[in-house]
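Take a look at the structure set out below.
Residue numbers (the UniProt record's numbering): 1 to 162.
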């Protein structure tokens, strides 16, 4: 289950954003593990100012970014069958940065939003891109999930990928 919380008015320009996120997170969850598909995720749709504050407070980086993820459990946290729904964590997405990236990369808004939601979700379940091998694994899974949604490979135009 995904709860979407809109905390910045700029998201009203994109009224389908909540549905896009619900669909992307559901696809990501179903593609990695049936148990994860039953877990809970909260997605906050904020603006650059809001995400800059989060980025500064949690990562010590005083600038906006496109997406941040806050896992509720460490990757080695256990979840047993029959447990109450697991809260995987929170994702925050910044409108202005996301919109600018979509425009610069000439990608449809909903495709880029889906990509960031999937990317954020994968961080919640322990994926990262701290080194080339991890980045390649994460990007391949993102591409596979997005393909199930009918969204082209977001890395296809980048030199030296896949």
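Ideal placement from N, C-alpha and C gives every residue a C-beta, glycine not left out.
### Query
Leaving out the 5 sequence neighbours to the left and right, which residues in its chain are closer than 8 Å to residue 144 when beta-carbon positions are compared?
31
### Message
On a Cα-Cα basis, can you pick out the residue from 117, 157 and 133 that is closest to residue 142?
### Response
117
### Helix, strand or coil at residue 92 according to DSSP, with G and I counted as helix
strand
### Query
Taking the C-alpha atoms as reference points, what is the distance between residue 75 and residue 89?
Low confidence applies here, because residue 75 scores a pLDDT of 49, under 50, leaving its location unreliable and the question unanswered by this model.
### Query
Which term fits residue 48, buried or exposed, when burial requires 16 or more other beta carbons within 10 angstroms of its beta carbon?
buried
### Message
Quick check: what's the CA-CA separation for residue 110 versus residue 40?
### Response
22 Å
### C-alpha distance - residue 129 paired with residue 9, whole-angstrom precision
31 Å
### Cβ neighbour criterion (16 or more within 10 Å) applied to residue 154
buried
### Message
Assuming residue 137 is part of the alpha helix (DSSP H), what are its boundary residues?
### Response
132-148
### Task
Compute the distance between the beta-carbons of residue 28 and residue 113, then report whether it is under 8 Å.
no
### Task
Could you tell me the distance, in whole angstroms, from the CA atom of residue 146 to the CA atom of residue 60?
31 Å
### Query
Is residue 87 helix, strand or coil when you go by DSSP?
strand
### Task
Round the Cβ separation of residue 125 and residue 36 to the nearest angstrom and send it over; I've been treating them as touching at under 8 Å.
6 Å
### Query
Among residues of its own chain, excluding the 5 on either side of residue 69, which ones have a beta-carbon nearer than 6 Å to its beta-carbon?
91, 120, 123 and 124
#### Entry: Straight-line Cα distance separating residue 50 from residue 26
25 Å
### Message
Can you list, in chain order, the residues of its chain with a C-beta nearer than 8 Å to that of residue 43? Leave out the 5 residues immediately preceding and following it.
### Response
2, 3, 4, 5, 21, 25, 90, 91, 92, 93, 117 and 120
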